[in-house]
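In the working numbering, each residue's number is its place in the sequence shown (first place is 1) plus 22. Backbone N, C-alpha and C fix where the C-beta goes; we use that ideal spot for every residue, glycine too.
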Amino acid sequence: MKRIIKILLYILIINPLLLTSCWNYREADNLTLARGLAVDKTDDGGYFLSAETADMHGKSEEGKEKSVVIESEGETMFDAVRNAVLVNVPRLYWGHTTVVIIGQQLAQDGVVQIMDFLTRDHETRLDMHPVIFKGENAREIFEAKPLTAEIISEELRDMLHEQKSISKAVHTQIYEFIGCLASEGVSAVMPAVCLTEVNGKKVAKLCGTAVFKQDKLIGYLDEDETKYLCFVLDKVEGGVLVVNVGPKEDNGKVALEILNSKTKIKASYNEEKISIEIKIRIRAVLDDIRTHIKFSNEKALENLAGIAEEQLKGHIENVIKKAQNSNADIFGFGLLVKRTLPKVWKEKGKDWDNLFKEIEIKIVPEIEIVHTGLLKQPIEIGD
Numbered sequence: 023m024k025r026i027i028k029i030l031l032y033i034l035i036i037n038p039l040l041l042t043s044c045w046n047y048r049e050a051d052n053l054t055l056a057r058g059l060a061v062d063k064t065d066d067g068g069y070f071l072s073a074e075t076a077d078m079h080g081k082s083e084e085g086k087e088k089s090v091v092i093e094s095e096g097e098t099m100f101d102a103v104r105n106a107v108l109v110n111v112p113r114l115y116w117g118h119t120t121v122v123i124i125g126q127q128l129a130q131d132g133v134v135q136i137m138d139f140l141t142r143d144h145e146t147r148l149d150m151h152p153v154i155f156k157g158e159n160a161r162e163i164f165e166a167k168p169l170t171a172e173i174i175s176e177e178l179r180d181m182l183h184e185q186k187s188i189s190k191a192v193h194t195q196i197y198e199f200i201g202c203l204a205s206e207g208v209s210a211v212m213p214a215v216c217l218t219e220v221n222g223k224k225v226a227k228l229c230g231t232a233v234f235k236q237d238k239l240i241g242y243l244d245e246d247e248t249k250y251l252c253f254v255l256d257k258v259e260g261g262v263l264v265v266n267v268g269p270k271e272d273n274g275k276v277a278l279e280i281l282n283s284k285t286k287i288k289a290s291y292n293e294e295k296i297s298i299e300i301k302i303r304i305r306a307v308l309d310d311i312r313t314h315i316k317f318s319n320e321k322a323l324e325n326l327a328g329i330a331e332e333q334l335k336g337h338i339e340n341v342i343k344k345a346q347n348s349n350a351d352i353f354g355f356g357l358l359v360k361r362t363l364p365k366v367w368k369e370k371g372k373d374w375d376n377l378f379k380e381i382e383i384k385i386v387p388e389i390e391i392v393h394t395g396l397l398k399q400p401i402e403i404g405d
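Right, dumping it as structure tokens:
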């Protein structure tokens, strides 16, 4: 009898393990995997969706995976998603989507409904990359020819990941963007993408930063302005600083390769005024010289570093001024005040839009040029 009871207990223990499975499991053959999503506005205020999917059964002439774009529209985001079933079976699955491209016109009206769907739906991922398309319609991006990846959505994802080598695009994911939308004292940004021509073919290109006020697109920073934004946000991992040296007529330039950069920002309150101090420390290498000036000794390198510091300070001041004129605190100075000076924020936070335009901002760059590469002097041409 005891033996029978032991056997029954063993069966009861093992049986649940054998019967477990995913509650929402679906066969892959019953789904179409969307790699990228473009969202545009329709004439009647609805949504036009374009989903780039990989054709698992076909190859392009170059032997790469072919993409198929599935289009649908609806009164809401979810309505448009479900309407895709009218033109495509099996239905779209969003668990593999890496980029969301938002049309410029739609973004100017507001993106909160798009973000609501992307966070509410159980299939979408919060680590997707949102970008703004600078052009007529976001779906045009799928007309671009990928140069390195299989399909354009994957190429955009790779471009965003690799931007750290030049620091000319902000690396933003859905959860970060939504966090900015939901926070006081900071305006959201996301990368901008456009189309350009290479050898007569349309290709995608990262082209600066889209600036938001609340959830509405209000303007852009170009690629260089984006780099100086990244310095303030402490998001510079590499890149190049081009320094103008010598007299203007000489047009001399020196390129410094950024090895590392660290930014610290402090908010203070004195005599009824809020001030911000931005300290930036950079280690760099002299990597390219287009001047007859020699930098073969420590004193010359210190002078060059001083020139670079002044020019960097001026560039950052210009970007801050542009943001102040747009009334968009893309640096999060207000959020810093709220966190570090809560009593001040409680008193003045409601008027931050006006205060942001007037706050005193001090920029303190410190650049160390650690070496001059393999050459100490510029190459001189003989007779």
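Run of the alpha helix (DSSP H) containing S175, from where it starts to where it stops: Along the sequence shown, read from residue 1 onward, the residue named residue 175 stands at position 153. Annotation: the continuous alpha helix (DSSP H) that includes S175 extends over I174 to E184.
Where the beta strand (DSSP E) through V262 begins and ends: Here the question's residue 262 lines up with position 240 in the sequence shown. Element bounds for V262: V262 to V267.
Buried or exposed (CB count within 10 angstroms, at least 16 for buried), D351: Counting from 1 along the sequence shown, the entry for residue 351 is found at position 329. With 16 or more Cβ atoms within 10 Å of its Cβ, D351 is classed as buried.
Identity of the residue in F234, V215, D309 and A322 nearest A226 by Cα: What you label residue 226 is simply residue 204 of the sequence shown in a count that begins at 1. Checking every option, the nearest Cα to that of A226 belongs to V215.
DSSP-derived helix/strand/coil call for I338: In the sequence shown, the residue the question calls residue 338 occupies position 316. Looking at I338 - three-state DSSP - the assignment turns out to be helix.
CA nearest to the CA of G241, picked from V211, A160 and L228: Counting from one through the sequence shown, the residue named residue 241 turns up at place 219. Comparing Cα-Cα distances from G241 to each of V211, A160 and L228, the minimum goes to V211.
Contact the segment 139-150 vs the segment 230-249: 3+ CB pairs below 8 Å: The segment 139-150 is not in contact with the segment 230-249.
Spatial neighbours of K295 in its chain, beta-carbon cut-off 7 Å, leaving aside the 5 residues before and after: Within the sequence shown, the letter at position 273 stands for residue 295. Short of 7 Å from the beta carbon of K295, and not among the five residues preceding or following it, lie these beta carbons of its own chain, in chain order: E382.
Own chain residues within Cβ distance below 6 Å of V105, not counting five before or after: Position 83 of the sequence shown holds residue 105. Inspection of the sequence shows that residue 105 is occupied by Asn rather than by Val. Counting only Cβ-Cβ distances below 6 Å, and skipping sequence neighbours, we find S94 and G96.
CB of V208 within 7 Å of CB of G371, strictly: Taking the first residue of the sequence shown as position 1, residue 208 is located at position 186. Taking the first residue of the sequence shown as position 1, residue 371 is located at position 349. No, the pair does not count as a contact, with Cβ atoms beyond the cut-off.
Rounded Cβ spacing between P112 and V153 (contact assumed at less than 8 Å): If you number the sequence shown from 1, residue 112 lands on position 90. If you number the sequence shown from 1, residue 153 lands on position 131. 27 Å between Cβ atoms; not a contact.
Extent of the continuous beta strand (DSSP E) to which P152 belongs: Locating residue 152 in the sequence shown gives position 130, where the first residue counts as 1. Looking at the DSSP string, the run of the beta strand (DSSP E) that includes P152 is H151 to F155.
CA nearest to the CA of R346, picked from T362, W374 and L323: In the sequence shown, the residue the question calls residue 346 occupies position 324. Per the sequence shown, the amino acid found at residue 346 is Gln instead of Arg. Among T362, W374 and L323, the Cα nearest to that of Q346 is on W374.
Status (buried if at least 16 other CB within 10 Å, exposed otherwise) for I389: Within the sequence shown, residue 389 is the residue found at index 367, counting from 1. Of the other Cβ atoms in all chains shown, 16 or more fall within 10 Å of the Cβ of I389; this residue is therefore buried.
Pair within 7 Å by beta-carbon distance, G125 and A160: The count along the sequence shown starts at 1 and reaches residue 125 at position 103. The count along the sequence shown starts at 1 and reaches residue 160 at position 138. Yes, the pair counts as a contact, with Cβ atoms nearer than the cut-off.
Touching by the beta-carbon criterion (3+ pairs, under 8 Å), the segment 59-67 and the segment 161-178: When C-beta atoms of the segment 59-67 are compared with those of the segment 161-178, three or more pairs fall below 8 Å, so the two segments count as touching.
Cβ separation of H151 and T120, assumed to be a contact under 8 Å, to the nearest whole Å: The residue you call residue 151 lines up with position 129 of the sequence shown. The residue you call residue 120 lines up with position 98 of the sequence shown. Right, their Cβ atoms sit about 6 Å apart.
Among S348, H193 and I200, nearest to K235 - alpha-carbon criterion: Residue numbering aside, residue 235 sits at position 213 when the sequence shown is read from its first letter. Ranking the options by Cα distance to K235, first place goes to S348.
Extent of the continuous beta strand (DSSP E) run through D309: One-based indexing of the sequence shown puts residue 309 at position 287. For D309, the enclosing beta strand (DSSP E) stretches over residues K295 to R312.
Own chain residues within Cβ distance below 6 Å of C202, not counting five before or after: Residue mapping note: residue 202 aligns to position 180 of the sequence shown, counting from 1. V208 and A210, listed in sequence order.
DSSP three-state assignment for G354, whether helix, strand or coil: Mapped onto the sequence shown, residue 354 falls at position 332. G354: coil per DSSP, three-state reduction.
Host alpha helix (DSSP H) of P364 (start-end): As a working note, residue 364 is residue 342 in the sequence shown. Start and end: P364 to K370.
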